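Q: Let me give you the structure first, and then I'll get to my questions.
2 protein chains.
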Amino acid sequence: MDNPLAALVQKIEELLEKGDEAAIRRLLAEEHPGDIAEILGFVGDEEEKCRLFRLTPETERPEILSHVDDATLTVLLARLSDHEISRAIDELPTDDAADIVGRLPEEDASRVLALLEEEDQENLQKLLEYPEESAGGIMESEFVAVPEHVTVEEAVAALRKREAEVEQVHNVYLVDDAGRLTGILPLWRVAIAMPGTRLDRLAERDVVGVPAQMDQEEVAAVVMRYDLPEVPVVDDAGRLIGRITVDDVLDVVEEEATEDISLMAGTGDEEIHETSPFRISMIRLPWLLIGLCGGIGSAFLMSRFEGELRRILALAFFVPVITAMGGNVGMQCSSIVVRALALGEMEAYRIARRLAREFSIAILNGFILGGILSLVAYLWHGAWVLGVIVGLSMFASILVAATTGTLFPMVFRRLGLDPALATGPFVTTSNDVINLLIYFVVAEFLMRRF
Amino acid sequence: MDNPLAALVQKIEELLEKGDEAAIRRLLAEEHPGDIAEILGFVGDEEEKCRLFRLTPETERPEILSHVDDATLTVLLARLSDHEISRAIDELPTDDAADIVGRLPEEDASRVLALLEEEDQENLQKLLEYPEESAGGIMESEFVAVPEHVTVEEAVAALRKREAEVEQVHNVYLVDDAGRLTGILPLWRVAIAMPGTRLDRLAERDVVGVPAQMDQEEVAAVVMRYDLPEVPVVDDAGRLIGRITVDDVLDVVEEEATEDISLMAGTGDEEIHETSPFRISMIRLPWLLIGLCGGIGSAFLMSRFEGELRRILALAFFVPVITAMGGNVGMQCSSIVVRALALGEMEAYRIARRLAREFSIAILNGFILGGILSLVAYLWHGAWVLGVIVGLSMFASILVAATTGTLFPMVFRRLGLDPALATGPFVTTSNDVINLLIYFVVAEFLMRRF
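Chains as they are written, first to last, in the numbering used here: chain S, 1 to 450; chain C, 451 to 900.
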């Protein structure tokens, strides 16, 4: 077993079976909340997860809740009391708290919120109004902001006052009287500043906060491009309303990559933490049904060319290679475009240039692969017509697959859909049908003449 | 155009054409090195990239070099003088410097290193000895470490002394006389500490540094699990030798996701920044040739069942759906396993459990999809034998695809290969051949009897 937690999980499962709760309690007391969260995602059934959660040290429970995967969180929230949940929420930074409240059914959410102090309630409610995948949706409202004219000592005093509340301080923000962001000061500059220095003399004044509506993928691109430990979030008036730390950005990057890979594979990213075979089956089935419909369409299409197939049965032999190569080429093109879009590469925005390049690649590869296949078919069957048919079709399908593979993700993006959808079974399937059509039309045309 | 830099790129291209270097210089002086790096990745040909680089403010050049993509870096390094390169390296944190030196041909590297001070040379050489994708390979050797018994004032003095050298300080590390890591103190705790406090009274003492040999994916998992802004790296003796900041981890996560997606799609991650159609073609062609060989194999295989095909030509019509569905199911299973392995999910380590689950899903989906296809074939052709053949084969190929899709990535991992290889054309192709074989053997068997 590669994973160091695997042994621990096994031990806990044994202890659960024996019912030795005291031993589990001792074991869990030594583990980091991040580790416990991972263990919870893995151990036993829903009942046992909840039982285990209640055996963790009470002080660690908020952080554990903020670390468990979505499936486990849903399981736990369904079983914990309103008080247990609100106590955890109270302890967590607002971004993590909002994530948890956002998962609760509306009714439960209002009951849980009602147990908090009024100020906390308002704060959370404001955060919950932002779309889940926007800067506002991932920011926390705890940050350290001071007026521009304060000295280092005053800033340190402000930091001390907020010690309990704000975790992982990387920056001190300067704001004007209206709360607008006017400066950023990395914390280490505060730490080493000579006593008495005014902050506005040390701060970076040419600052930009990301707008609360910005998509989380763009936020990630900004953080990566400028290597920021955290970015401030501002409202329409430029007022500082929150901050996003790089560990949240890390989650975003992972999440988006998992989402893209899932869509490419024709499944949902919710699958990764799902354990019920029936539910996983229901996530995957719609994609497979699309494939099945396309396949039945291909069958009908081929039946229209029964005459050609009867004349040269060998045409059927090359059907798998025609569809497979179209699929491979389409996948190559679309996945590169999807990834470039996800990484915010500029390249992805110049459709004409990208298409032209993909077209040259396709012509080169199509020529080589079509040539080889043509030769193989000719040498094997001794019929040059067959050689020309398969070679020409292979060349054409590679061009078509490259074009659709490049264009579809971009079109999907323009339509506001996830470009990764354009790499999944939907596109592979339509490619299959198009390429078969090309193949048999070419065959019909050439066979009629020669 | 979605990307805000696109307009700037266009302007620079126009100015380059006009040859108005002064205007470009003015334009670039206002941009962040991270933005300039992205622009460089996009503008013009190799000559122009280099010309543009020399028009950037000299003080920004090191950081620009550390931000450009690999393809652009190679282009620039080939054209810059040893002095230009060594000056940039001298300014950069050691991890970025080592990345650049690591890209140079060996001879150039020693010439460039020779231009540095002896201490810097040694430092870099040490870093270059670690594998590129290990903790040692991504760490920087600049960090702030102090003896355990110092006071806050002494720590601040140490911070001040290293101000110019160390970027983005998140932690102050405590070390014993032998240089072994004994404590970690988040910087903000230092900033708010009361004067005179001894650091060892504030520091977290129960610390673990990651070993220098740890794979970068595991480092990323550690950083994410514990939400760390940076992690210390230790040698075999527990001595503190470097640190990895979370922005480097962000790069790792992106890199690994891009690598997985590229392999899934049957291409290389070096493609994303490559602009020459010929070179991209050469990256993709080997994968396509694997597909072509598989396709030719499929053709030979089908030709062995010419008799069956002549008796029931409709068998041919269902070839695309059999291969496509096997491919879809295989992709679903393998991509989930690959992603789970990449995220360090424990689930991925319990092969038996995973296989059992995938098998139940496959039985359920295979039953539904095989049933539908069987019915369609029967109603369409009125031959129940055909219905049974396609239904049964569909069911069997889904089971086979689920098994290979789940097992292959795990086996690849055990063999020390990248599990994502097991989702690419290699596996799709072998699935095609296996599924066709199942299909025609089932057909032969049933047709001989009924």
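Cβ coordinates follow ideal geometry from the N, Cα and C atoms, glycine included.
Keep in mind it's a predicted model, so treat the numbers as computed, not measured.
1) Whose C-beta lies closer than 7 Å to the C-beta of T879/C among residues of the same chain, with five residues either side of it excluded?
2) Which full runs of the alpha helix (DSSP H) of 4+ residues lie inside the segment 72-142 of chain S, going along the chain?
3) So T717/C contacts chain S; which residues on that side make the cut at Cβ distance below 8 Å?
4) With H, G and I counted as helix, E and B as strand and the rest as coil, what does DSSP make of D929/C?
5) Cα separation between G452/S and A342/S?
6) Does any CB atom of chain C fall closer than 9 Å to the CB of D35/S?
7) Check whether the segment 7-22 of chain S and the segment 44-52 of chain S touch, using three or more Cβ-Cβ pairs below 8 Å as the test.
8) Is it true that the segment 647-655 of chain C meets the segment 696-714 of chain C, where meeting means three or more beta-carbon pairs spaced less than 8 Å apart?
9) How should M325/S be labelled, buried or exposed, when 16 other C-beta atoms within 10 angstroms of its C-beta is the threshold for buried?
10) If you draw a straight line from the C-alpha of D418/S to the C-alpha of A191/S, how long is it?
11) With DSSP as the reference, label R54/S as helix, strand or coil.
12) Taking only runs of the alpha helix (DSSP H) that begin and end inside the segment 252-306 of chain S, which ones reach a length of at least 4 residues, in chain order?
13) Is V233/S close to chain C, meaning its C-beta is less than 9 Å from at least one C-beta of that chain?
14) Take the Cβ of H149/S as the centre, count every other Cβ of all protein chains shown within 10 Å, and call the residue buried at 16 or more, exposed below.
15) Does chain C have any CB closer than 9 Å to the CB of L61/S?
16) With 8 Å as the C-beta to C-beta threshold (strictly closer), list the residues of the segment 607-622 of chain C near chain S in chain order.
17) How is the alpha helix (DSSP H) around V388/S delimited, first residue to last?
18) Compute the beta-carbon to beta-carbon distance between L635/C and A653/C, rounded to the nearest angstrom, for a pair I have assumed lies under 8 Å.
19) Using a Cβ-Cβ distance cut-off of 9 Å, determine whether P636/C contacts chain S.
20) Residues of chain C with CB under 9 Å from H32/S, in chain order?
21) Under DSSP, the alpha helix (DSSP H) around R807/C begins and ends at which residues?
22) Should F858/C go down as buried or exposed, given a rule of 16 or more other Cβ atoms within 10 Å for buried?
23) Please report the straight-line C-alpha distance between M451/C and I474/C, rounded to a whole angstrom.
24) Please name the residue or residues paired with D215/S in a DSSP beta bridge.
25) How should G866/C be labelled, buried or exposed, when 16 other C-beta atoms within 10 angstroms of its C-beta is the threshold for buried?
26) Output yes if chain C places a C-beta closer than 9 Å to the C-beta of S397/S; else output no.
27) Could you tell me how far apart the beta carbons of V883/C and G747/C are, in whole angstroms, since I believe they sit closer than 8 Å?
28) With DSSP as the reference, identify every bridge partner of P682/C, one or two as the case may be.
29) Between the beta-carbon of T517/S and the beta-carbon of E358/S, is there less than 9 Å?
30) Just to confirm, is the Cβ distance from P507/C to L542/C under 9 Å?
31) Within the same chain, show all residues whose beta-carbon is closer than 6 Å to that of G266/S, passing over the 5 residues directly before and after it, in chain order.
32) Which stretch, first to last residue, makes up the beta strand (DSSP E) that contains L145/S?
33) Return the residue from the list D177/S, D20/S, D35/S that minimises the CA-CA distance to A6/S.
34) Along chain S, which residues have their Cβ under 9 Å away from the Cβ of M897/C?
35) Helix, strand or coil: how does DSSP classify G183/S here?
36) Taking I372/S as the query, report the chain A residues whose CB atoms sit under 7 Å from its CB, ordered along the chain.
A: Taking the geometry as given:
1) I740, G741, G744
2) 82-91, 94-103, 106-114, 118-128, 135-138
3) Q332, S335, I336
4) Limits of chain C in this structure are 451 at one end and 900 at the other, which puts residue 929/C out of reach.
5) There is simply no residue 452/S to check, as chain S begins at 1 and stops at 450 in what is shown.
6) yes
7) yes
8) no
9) buried
10) 44 Å
11) coil
12) 277-303
13) no
14) exposed
15) Looking at the sequence itself, residue 61/S is Arg, so the reference to Leu does not match. No, no contact with chain C.
16) L609, R610, E613, Q618, V619, H620
17) 384-414
18) 4 Å
19) yes
20) R675, Y676
21) 801-831
22) buried
23) Its pLDDT being 38, under 50, M451/C is placed unreliably in this model, and the value from its coordinates should be taken loosely. Spanning the two alpha carbons is a distance of roughly 22 Å.
24) S134/S
25) exposed
26) no
27) 5 Å
28) R693/C
29) Chain S is shown from 1 up to 450; residue 517/S falls before or after that span and cannot be answered.
30) no
31) W287, G424, P425
32) Before going further, note that residue 145/S is Ala rather than Leu in the sequence given. Residues 145-147.
33) D35/S
34) By Cβ distance, chain S contributes nothing, its closest Cβ being about 16 Å from M897/C, past 9 Å.
35) strand
36) Absence of chain A from the displayed structure is noted, the protein chains being S and C.
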